[in-house]
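*Asks:*
Protein chains in written order, with this note's numbering: chain A, 1181 to 1668; chain B, 94 to 192; chain C, 437 to 936.
1) List in chain order: all unbroken beta strand (DSSP E) runs of 3+ residues lying wholly within the region 1252 to 1323 of chain A.
2) For the candidate residues C:560, C:678, C:908, whose alpha-carbon lies nearest to that of residue 883 (chain C)?
3) In chain A, which residues lie with their C-beta within 7 Å of the C-beta of residue 760 (chain C)?
4) Provide the residue(s) that pair with residue 1478 (chain A) in DSSP beta bridges, ordered along the chain.
5) Write down the C-beta distance between residue 821 (chain C) and residue 135 (chain B) rounded to the nearest angstrom, noting that I regard them as a contact closer than 8 Å.
6) For residue 470 (chain C), count neighbouring Cβ atoms within 10 angstroms of its own Cβ and tell me buried if that reaches 16, exposed if not.
7) Hey, out of A:1479, A:1505, A:1593, A:1480, whose CA is closest to residue 1490 (chain A)'s CA?
8) DSSP on residue 619 (chain C), reduced to helix/strand/coil?
9) Check the C-beta distance from residue 594 (chain C) over to residue 603 (chain C) and give it rounded, since I have them as a contact under 8 Å.
10) I want to know whether the region 1461 to 1477 of chain A touches the region 1422 to 1441 of chain A - three or more CB-CB distances under 8 Å.
11) Shortest alpha-carbon distance to residue 1190 (chain A) belongs to which of A:1345, A:1331, A:1200, A:1216?
12) When burial is assigned at 16 or more other CB atoms within 10 Å of the CB, is residue 522 (chain C) buried or exposed?
13) What are the residues in the region 144 to 165 of chain B lying within 7 Å of chain C by C-beta distance?
14) Tell me, to the nearest whole angstrom, how far the beta carbon of residue 1277 (chain A) is from that of residue 1313 (chain A); I am working on the premise that it is less than 8 Å.
15) Pairing CB atoms from the region 1210 to 1228 of chain A with CB atoms from the region 1254 to 1263 of chain A, are three or more of them under 8 Å?
16) Quick one: any contact between the region 712 to 722 of chain C and the region 844 to 857 of chain C, if contact means 3 or more CB pairs under 8 Å?
17) Against chain B, does residue 1242 (chain A) count as a neighbour if the rule is that its beta carbon must be under 8 Å from one of theirs?
18) Going by DSSP in three states, residue 1189 (chain A) sits in which element: helix, strand or coil?
19) Would you report the Cα separation of residue 147 (chain B) and residue 558 (chain C), rounded to the nearest angstrom?
20) Please look up how many angstroms separate the CB atoms of residue 666 (chain C) and residue 440 (chain C), rounded, as I've assumed it's under 8 Å.
21) At a CB-CB cut-off below 8 Å, which residues of chain C make contact with residue 1281 (chain A)?
22) Let me know if residue 541 (chain C) comes out buried or exposed under the rule of 16 or more other beta-carbons within 10 Å of its beta-carbon.
23) Specify whether the region 766 to 778 of chain C and the region 1474 to 1486 of chain A touch according to this definition: at least 3 beta carbon pairs, one from each stretch, less than 8 Å apart.
24) Within 10 angstroms of the Cβ of residue 618 (chain C), are there 16 or more other Cβ atoms? Answer buried if so, exposed if not.
25) Quick check: the Cα distance between residue 518 (chain C) and residue 121 (chain B), rounded to an integer number of angstroms?
26) Count the other CB atoms within 10 Å of the CB of residue 568 (chain C); is the residue buried (16 or more) or exposed (fewer)?
27) With 16 as the cutoff for other CB atoms within 10 Å, does residue 1322 (chain A) come out buried or exposed?
28) Identify whether residue 1433 (chain A) lies in helix, strand or coil by the three-state DSSP scheme.
29) Are the CB atoms of residue 1207 (chain A) and residue 1296 (chain A) nearer to each other than 8 Å?
30) Identify every residue that forms a DSSP beta bridge with residue 521 (chain C).
31) Measure the C-alpha to C-alpha separation of residue 592 (chain C) and residue 160 (chain B) and round it to an integer number of angstroms.
32) Counting only Cβ-Cβ distances shorter than 9 Å, please list the residues of the region 643 to 657 of chain C near chain D, keeping chain order.
33) Between the beta-carbon of residue 876 (chain C) and the beta-carbon of residue 753 (chain C), is there less than 8 Å?
34) Is residue 1318 (chain A) close to chain C, meaning its C-beta is less than 8 Å from at least one C-beta of that chain?
35) For the putative contact between residue 584 (chain C) and residue 486 (chain C), defined by C-beta atoms under 8 Å, what is the C-beta separation to the nearest angstrom?
36) Does the structure place the region 627 to 639 of chain C close enough to the region 668 to 687 of chain C that three or more beta carbon pairs sit under 8 Å?
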């Protein structure tokens, strides 16, 4: 693994990500999981840990864990065990969190992604099922906090990596790839503002070849931007400390977006001793192979598998394939366009170029794209057969975007009609072109003289004249060729 | 082994109990008496024995029962909070939580 | 006066069904007796302190509902028959305290599954019964609401933790009661109070709504005056609860009365050598020998068996149960329900004072033990080791059951002891649990059957232990014994006295 040093230090980062699973009900109760309800209206007796209540496991959460395990090529454990993590906190109703400790449901696996054009692989240690805690609200109450337990019991998949990450860029790229995977396979809505996808980064630095340094854990990084800022700050801070001769002490820190700094959290007293033990209320979770195979059979093609296929099937570069598999929607749109035009590279260029540019500037999602795949396909078909120059094609695209095309026609007919109406057809008839060229040469004797004297500028001027005379319909390459022949 | 007053303090703090000094003293004696009773157990050879976490596992293979993912619990906040010591605007109130 | 409270459950249900008795009349009769036995009120000389809560209106309303169903020729098998619940079961219509100050005036928004099922069978609730705080104790002296007393001698303990249940049934304050058994809490008080009680196989009865002490050991069961009564109650209580309790067995509800009259011809009764050691009082030994003699008369044969780790069950139990308890009781933190210390200066102060004020001494002691054995560096040496020996103990039983059909022995080494006799020395009462702990650790069904009176005219119980799901066999043996003998018919004088 190539190592980028910061002031002579190697940065070492491991990730713990909490992905809220997109189930209807809580992991151990039948209360709904919808976000944003009135305080404690979605916390049932079980979620509140009222005396006598017991947990009953949600099949949907297990099924999503299996999907994730398959998506990252991990081992889905035949037998995993729920344990109690004991600590007192107001947002933890039972005084313990039901989690998985010694035997998690998902074991191993890898996440692969491109950093620039370098393929990176981050190894996963595990992914385990657990319940989310509630929320403490500090506003509104003088000297008091209000506890809302609506979120308590929401199913979480905690995804833990090896310390394989070596820079903040790589950290963000990993997080984005993981985010893509969990949303692609539909186990998490990925909404970072609402806390559906929360990252903790364990950051340490060391001189190359030295043993791992002491790590500090940056908690609840809920935007990719803050993630990068927080890690960069933390790395600088740790290096300063070490350079000033201070030892790094293990700590949990929070990132303050306002100051751009990280600060150590008030450490929960004796948080170190969680007294884990197998939860006697929950027998072992058994997952038979038939279930795993059934889940596998119903899973859509995974992003990295699809990217590989786009390379082999359409001969796209890795970069294009990875970019086009950012989301299921984009990948599907690409394949539909290729279907219509049989021009994979052109289709890729247009989607990654013009289409993405327009979407971004208009802050639109692909679902809101006004140009259908068959329309873009028809447009690309006309570029492919030299009917349209790129510039002309952009004008047609504009027209399609603003909905000038008449819906009654087929996509190809719409595009052709627009080309006709706007007179954008490229002139490919050489005799006609030669005629124009001859007129232009005759009318610009001085430029001709300069060209002969070796002035390229003058040549370009002639090309411009010809294009002008052809009302932009001439094919630039052809113009060059004819001119050269004439002046040769 | 025998517990020290420090152990009692550490355990009490883990368990969120505040023991009066004479209670701690009494507790120390009783726990040490208890752990003497436990010593015989520690000597037993349990090489290769599977721990038994769920008694019926000694009778039959047990697997966690899974329920369908359906949200069917209605909002029952009023009844659920009837015995709550301090509630405001539907929130449970506690002394300020510092993070 | 009528002696309604001497009727068997089966007889009472029959007379109610045939409308020779009225549900309201029956309820009223027991309400009058129960009202005299409220914990903390010593107005009446005969007060056992068995009841923690009664509610005349609720009970009368339930009785009227039952009568309406009886009049319509509908209703369950126990329609109109009264019952009272150990206060460890949460109830919507009565307060639930678990014998703890922590839950003073707590109201549950739902009923325990067991309470529901018995109501479905038509039973009318008289109230809630005293017990050791969070079911931790063997004498019912650990209740925050006062001791419960033994109807046979008010200066003695009724046993525990279901002491109020045993006392109430023995005193004729209710024809039946629910109990819970974690390490012997149904069998031992049943033995001390001369009634019949059974703890079914772990997982037979739902634990939903049973305030958890030790989750892997807690099990609900009925306490009544005969094996037949227990069979009727157990049939109504048991059955899978897939929506609410992940540890409830996928075993269909069963009619435990069907095999009551099977012959005992050739029944092999195993007598574990370790159950007849020095600690066993002669009077208890003698009473059990009589019962065994009766069973032999009925065609049973006794065979010696071995339960070599019987003594180890004490440390194993007192590691596992407190460990689970320390975690189960963490939810009592003064935030969502129950007691909360006044004017906490901060969160830590709220937690620590709330829990030390709300929990009694024995509960705090077990929380301390449990927290310690789970804490860093001790888990393997204590908790894990205990779970391994637990499996060995379970295997010992399977070995024994290759040689016998049921196991018989004492429930407790002695008859009920005097109030306060052991309360100063917790270890002494831990040791007295030795005969009930092994079956609890293995999750096996066990029951206590009256088998005569010992010193001071105090009742002695014989313990019967069956293999998994063999409750019918146990009840069959007990019923046949009770057809031949009248030990279970004997009543404390108090039970026959008129209410004041």
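Even glycine gets a Cβ: it sits at the ideal position worked out from N, Cα and C. Note that the coordinates shown come from a computational prediction; the quantities given were computed from them, not determined experimentally.
*Replies:* Put simply:
1) If we require 3 residues or more, the beta strand (DSSP E) runs fully inside the region 1252 to 1323 of chain A come out as 1262 to 1266, 1276 to 1280, 1290 to 1295, 1298 to 1311, 1315 to 1317.
2) With distances taken between Cα atoms, residue 883 (chain C) lies closest to C:908.
3) For residue 760 (chain C), the neighbours in chain A by C-beta distance under 7 Å run, in chain order, 1460.
4) None; residue 1478 (chain A) has no bridge partner.
5) Their Cβ separation, rounded to whole angstroms, is 6 Å, which keeps residue 821 (chain C) and residue 135 (chain B) in contact under 8 Å.
6) Residue 470 (chain C) counts as buried, since at least 16 other C-beta atoms from the protein chains shown sit within 10 angstroms of its C-beta.
7) Selected option, being the one with the closest Cα: A:1505.
8) Coil at residue 619 (chain C), not helix or strand.
9) Indeed, because the Cβ distance is near 4 Å, the residues count as touching under 8 Å.
10) Under the Cβ criterion (8 Å, minimum of three pairs), the region 1461 to 1477 of chain A does not count as touching the region 1422 to 1441 of chain A.
11) Among A:1345, A:1331, A:1200, A:1216, the Cα nearest to that of residue 1190 (chain A) belongs to A:1345.
12) Under this definition residue 522 (chain C) is a buried residue.
13) Within the region 144 to 165 of chain B, the qualifying residues are 144, 145, 146, 147, 148, 149, 151, 152, 157, 158, 160.
14) Yes, they are in contact, since the Cβ atoms of residue 1277 (chain A) and residue 1313 (chain A) sit about 7 Å apart, within 8 Å.
15) Short answer: they don't touch.
16) Contact annotation: the region 712 to 722 of chain C touches the region 844 to 857 of chain C, with at least three C-beta pairs closer than 8 Å.
17) Closer than 8 Å to some Cβ of chain B, the Cβ of residue 1242 (chain A) qualifies, so yes.
18) Residue 1189 (chain A): strand per DSSP, three-state reduction.
19) Distance between the alpha carbons of residue 147 (chain B) and residue 558 (chain C): 33 Å.
20) That pair is no contact at about 19 Å.
21) For residue 1281 (chain A), no chain C residue has a Cβ inside 8 Å of its Cβ, as the nearest lies near 11 Å away.
22) Label assigned to residue 541 (chain C): exposed.
23) The region 766 to 778 of chain C and the region 1474 to 1486 of chain A do not touch, with fewer than 3 CB-CB distances between them shorter than 8 Å.
24) With 16 or more other Cβ atoms from the protein chains shown falling within 10 Å of its own Cβ, residue 618 (chain C) counts as buried.
25) Distance between the alpha carbons of residue 518 (chain C) and residue 121 (chain B): 46 Å.
26) It is buried - the Cβ of residue 568 (chain C) has at least 16 other Cβ atoms within 10 Å.
27) Classification for residue 1322 (chain A): exposed.
28) Reduced to three states, the DSSP call for residue 1433 (chain A) is strand.
29) Not a contact, by the Cβ cut-off of 8 Å.
30) For residue 521 (chain C), which the question treats as bridged, DSSP gives the partners C:564.
31) Taking the straight line joining both Cα atoms gives about 48 Å.
32) As a matter of chain content, chain D is missing from the structure shown, whose protein chains are A, B and C.
33) Yes; because the gap between Cβ atoms is below 8 Å, this pair is in contact.
34) It does not: the Cβ of residue 1318 (chain A) has no partner Cβ on chain C nearer than 8 Å.
35) Yes, residue 584 (chain C) and residue 486 (chain C) are in contact; Cβ-Cβ is about 5 Å, under 8 Å.
36) Touching, yes, given that three or more Cβ pairs across the two stretches are closer than 8 Å.
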